[in-house]
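Quick mapping for you: the protein sequence lines, in order, are chains A and B.
According to the working numbering, the first sequence is numbered sequentially starting from 16.
According to the working numbering, the second sequence is numbered sequentially starting from 161.
Ideal placement from N, C-alpha and C gives every residue a C-beta, glycine not left out.
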Amino acid sequence: MNNYLTDFWQATPIVSLAIFALLTLIVDAAGKDKPVLSYWMSLIGIVVAAGFSVASLGASTPLFNTMLAQGGYSSYCNLIFLGSAFLCIVLSRNYLERLQYHRGEFYVLIILATVGMMLMAAALDLMIIFLGIELMSICLYVLAGFIRKKEKANESSLKYFLLGAFATGFLLYGIALIYGTAGTTNLALIGKSFPQLSHNSLFMIGAGMLIVAFSFKVAAVPFHMWAPDVYEGSPTTISAFMSTGAKAAAFAVFVSVFIRTFDIGGTKLSDVLAIIAAVSMIVGNVTAIAQNNLKRMLAYSSIAHAGYMLSGIAAGNIEGETGILFYLSAYVFMNIGAFGIISWMEQQDDKKLTFDDYAGLSSQHPAVAALMAIFMFSLAGIPPFAGFFGKYYVFLAAVKAGMTWLAIIGVLTSLISVYYYLRLVVLMYFRDGQASIEEKVSAPAMAAISCAALFLIVLGLYPSLVVDIAKGFFKI
Amino acid sequence: MLEGYIPIFVMLAGGAAFGIVMVKLNELFGPKHPTEEKYTTYESGMEPVKSARERFSIKFYMVAVLFILFDIEVVFLYPWAVTFKGLGVNGFITMAVFIFILLVGYYYVWRKGALEWD
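Here it is, written out as C-alpha cells:
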C-alpha cells in the first residue's frame, strides 16, 4: 500500500470544501443565532473550492489508490455544482428570513451535499459513487423538509427519503452484481473487460439496476413520480438546488459510468436509455402543459430536460459527453434563475405560485420580468440563449449515433414545451394584472440572478467556450 | 459449481419441513380449552391499561440516534486498534481525521442541547 496521506493535499477542491463545512458547523454551534456568519463562511468555502477547481481544470490525476480523480472532468463538473450551490445560498438568505427559518444548518447541509456531488463526479470506483450519492441525498432529504412545521414540506421530505432509500437499494444491488461478475469495483478495470462482460446477463442486470438508480436521481420517466411533489413542497431555493446541482451530479455519474467507462454504443443498454429518454421527453413536456402551479410546471420541465440529456447518454459518443456537459452548464443557470424569481414572488403559505399571479409583472417590475423571460426562452431552447445549443449538441450526438428517431422526438417535444414556457412570458407582458413583489429583492440576489442570465447569453453567443474545454477531457 | 451446495439445501428443506410439521401436529392433536383470560395481552401479570400505540417524546429518538452514531464509531475503532501497528502513521492520521469529524458533530450536538433531557 503506497502512502495516500499526501493525496489529501492534492484533492484540494473536495477537501477544502469539506473543511469549510466542518468550520461552518463549528461556527454555527459556537455563536448562537448568528446564521449570517454561516452564510458568509459557506460562500467563502465555495469560492475557495471553485478556485482550486479552476486551477486543476487541465490535467487529471488518480488519487487514493485510483479511488478519486483530481482535475479535468471532475473539476469542470465541480464548477457546475459550486455555481449551483453559490446561487442557491445567495437566494436562500432572504427567502429563509422571510419564512423565519434562517438557520446556520441550512448552509452546512448545502455545502455537505455539494461535497457529495463532487465525490460523485470525481469517483473512479463504484464505492465512491455510492458514498457520494448518499452524502448528497441525505443532506437533501433534510433540506427538503427544512420548513419543518409545514405539512407539505414534511410530505416532500418523507416521500423523497422513502423513494430515495429504495433507489439506493437498487444502486447497491447493481454494484453487487457488477462486482460479482467483473471481480472489481474499479471503473477502469470494469471498462477494460466490458466487451466480454456485456454478454454476461448478470452483469447486464447489474448495469440495468444502476440505470434505475441513476434515473431516479435525475428524475427520468418512469422513475420521476417523486419530483413534482418534492419540488412543490420543498423550500423553493432547495427545489432549485435539487433540480440543478443534484441532477447535474447524477448526470456526471451517468457520463462517467456509461460513456467514459462502458462503451455502450450499440449495446442493449443504449436502447434502454434511448427509450427512457424518449418517454421522459414526452411525459415531461405533455404533463407540464396541464400544470397551473409554477413549481410543478418546472418539475415536469426538469423531467423533460432529463430526457433531452439522456439522449446524449444513449448516444454514448464523444459528442454526447460534450453535449451533456454543455447542456448542464446552461441548464443549471437557467433553472436556478427561474426558481430564484419564483422564490421572490412567493408569499407565506404557498401563495403567488400560479401562472395568473404573474399577469402584468412587466409593468411593475420590468427588470424581473425581463430576467424571467430570458430564463423561459432559454429553457424553451430559443436561440441565441444557451439552452438552444445544449439541445443542439445532444440531438446532434443522437443523430451521429444513428438514433435519428430520438432526435426527432426531442425536437417535436421541445416544440410542445414552447407553449408552456411562453405562456408565462405572454402573461407577464401582454396581460393586465396586479403582479408585484411585496418585499424588496436584495441586491446580492438580484446580482446573482442577473449574472446567471448574462452567462446564458454569453454561452449562447460563444458556445465554443465550453465545448472546447469539454472536448479537451477526451484527449486525456 | 452449485453441486457443492446440495447438502445445505437439503438441510434448509429438512429444517423448514420439521418446523412446519411440528407446529401443525400441535394444532391438530393438542387439547384446546380457551377461556377469556387466555386471550388477553400478557403483561407480567399486570392488567393491560391501554393500547401501546401512542406518541412518544422526540427525546427518546434523539437518544437512540445519537447512540447509534457514537456506537458505530466504536465499531470502526476496534479493527483499527487490532491492526494499529501494521497501519502505522498512515492509519493513525486517517483515524485522527475521522475522530475529529466526529468530535465536530459531538460539539454541535452538545451546544444545541440535544444531550439535555429537559
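Collapsed DSSP secondary structure at residue i in the structure displayed
{"i": "Leu368/A", "result": "coil"}
{"i": "Asp140/A", "result": "strand"}
{"i": "Gln85/A", "result": "strand"}
{"i": "Met16/A", "result": "Per-residue confidence for Met16/A stands at a pLDDT of 49, beneath the threshold of 50, marking its modelled position as unreliable; the derived number appears in the next sentence. In the structure shown, Met16/A sits in coil (DSSP, three-state: anything other than H, G, I, E or B)."}
{"i": "Met206/B", "result": "strand"}
{"i": "Asn186/B", "result": "helix"}
{"i": "Leu275/B", "result": "coil"}
{"i": "Met222/B", "result": "helix"}
{"i": "Ala26/A", "result": "coil"}
{"i": "Gly281/A", "result": "coil"}
{"i": "Ile491/A", "result": "Caution is warranted here: a pLDDT of 45 is assigned to Ile491/A, below 50, making its placement in the model unreliable, and no coordinate value can be reported."}
{"i": "Lys47/A", "result": "coil"}
{"i": "Thr21/A", "result": "coil"}
{"i": "Thr302/A", "result": "helix"}
{"i": "Ala211/A", "result": "It is worth fixing the name first, because residue 211/A is Gln in this sequence and not Ala. Residue state, collapsed to three classes: helix."}
{"i": "Lys167/A", "result": "helix"}
{"i": "Ser71/A", "result": "coil"}
{"i": "Thr129/A", "result": "helix"}
{"i": "Ile166/B", "result": "helix"}
{"i": "Lys192/B", "result": "coil"}
{"i": "Ala235/A", "result": "coil"}
{"i": "His320/A", "result": "helix"}
{"i": "Glu9/A", "result": "The shown model of chain A, from 16 to 491, leaves out residue 9/A, and the question about it has no answer."}
Residues near residue i by beta carbon distance below 6 Å, same chain, minus five either side
{"i": "Leu229/B", "result": "none"}
{"i": "Gly338/A", "result": "Gly327, Tyr408, Val409 and Ala412"}
{"i": "Ile180/B", "result": "none"}
{"i": "Ile259/B", "result": "none"}
{"i": "Met16/A", "result": "Per-residue confidence for Met16/A stands at a pLDDT of 49, beneath the threshold of 50, marking its modelled position as unreliable; no derived number is given."}
{"i": "Ser107/A", "result": "Thr252"}
{"i": "Ala388/A", "result": "Val440"}
{"i": "Ser89/A", "result": "Ala136 and Ala137"}
{"i": "Ser189/A", "result": "Ser is not the amino acid found at residue 189/A; the sequence shown has Gly there. Here the set comprises Gly221, Met224 and Leu225."}
Nonlocal neighbours in the same chain, by C-beta distance under 7 Å from residue i, ignoring five residues either side
{"i": "Leu275/B", "result": "Val269"}
{"i": "Ala450/A", "result": "Asp372, Tyr373, Ala374, Gly375, Leu376 and Gln379"}
{"i": "Ser254/A", "result": "Tyr246, Lys310 and Phe354"}
{"i": "Leu177/A", "result": "none"}
{"i": "Arg446/A", "result": "Ala374 and Gly375"}
{"i": "Ile143/A", "result": "Met82, Leu83 and Leu134"}
{"i": "Glu120/A", "result": "Asp43"}
{"i": "Ile95/A", "result": "Ala263, Leu343, Ser344 and Val347"}
Residues that residue i bridges to, as DSSP identifies them
{"i": "Thr76/A", "result": "Gln85/A"}
{"i": "Ala151/A", "result": "In the sequence on display, residue 151/A carries Met and not Ala. Beta-bridge pairing links Met151/A to no other residue."}
{"i": "Gln362/A", "result": "Lys366/A"}
{"i": "Asn308/A", "result": "Thr369/A"}
{"i": "Asn201/A", "result": "Asp140/A"}
Residue-level contact to chain B via CB, residue i, 8 Å cutoff
{"i": "Tyr19/A", "result": "yes"}
{"i": "Ala44/A", "result": "yes"}
{"i": "Leu40/A", "result": "yes"}
{"i": "Leu94/A", "result": "no"}
{"i": "Leu134/A", "result": "no"}
{"i": "Leu37/A", "result": "yes"}
Test: residue i CB closer than 8 Å to a CB of chain A
{"i": "Val264/B", "result": "yes"}
{"i": "Arg215/B", "result": "no"}
{"i": "Asn186/B", "result": "no"}
{"i": "Tyr267/B", "result": "yes"}
{"i": "Ile228/B", "result": "no"}
{"i": "Ile253/B", "result": "yes"}
{"i": "Lys295/B", "result": "Shown here, chain B extends from 161 to 278; a query on residue 295/B therefore has no answer."}
{"i": "Ile261/B", "result": "yes"}
Other residues of its chain near residue i: CB distance less than 8 Å, five sequence neighbours each side excluded
{"i": "Gly2/A", "result": "This structure cannot speak to residue 2/A, because chain A is shown only from 16 to 491."}
{"i": "Ile304/A", "result": "Ile431, Tyr434 and Tyr435"}
{"i": "Ser208/A", "result": "Ala197"}
Residue i beta carbon near the ligand NAD (any heavy atom closer than 7 Å)
{"i": "Val245/A", "result": "The ligand NAD is not part of the structure shown, which contains no ligands of any sort."}
Taking only runs of the alpha helix (DSSP H) that begin and end inside the stretch 368 to 415 of chain A, which ones reach a length of at least 4 residues, in chain order? Counting whole runs of 4 or more residues, the stretch 368 to 415 of chain A contains the alpha helix (DSSP H) stretches 376 to 379, 381 to 395 and 401 to 415.
Write down every uninterrupted run of the alpha helix (DSSP H) in the stretch 401 to 481 of chain A whose length is 4 residues or greater and which is fully enclosed by it, in chain order. The qualifying runs are 401 to 415, 419 to 445 and 458 to 476.
Fully enclosed by the stretch 238 to 285 of chain A, which alpha helix (DSSP H) runs are 4 residues long or longer? The stretch 238 to 285 of chain A contains these whole alpha helix (DSSP H) runs: 241 to 248, 251 to 256 and 262 to 269.
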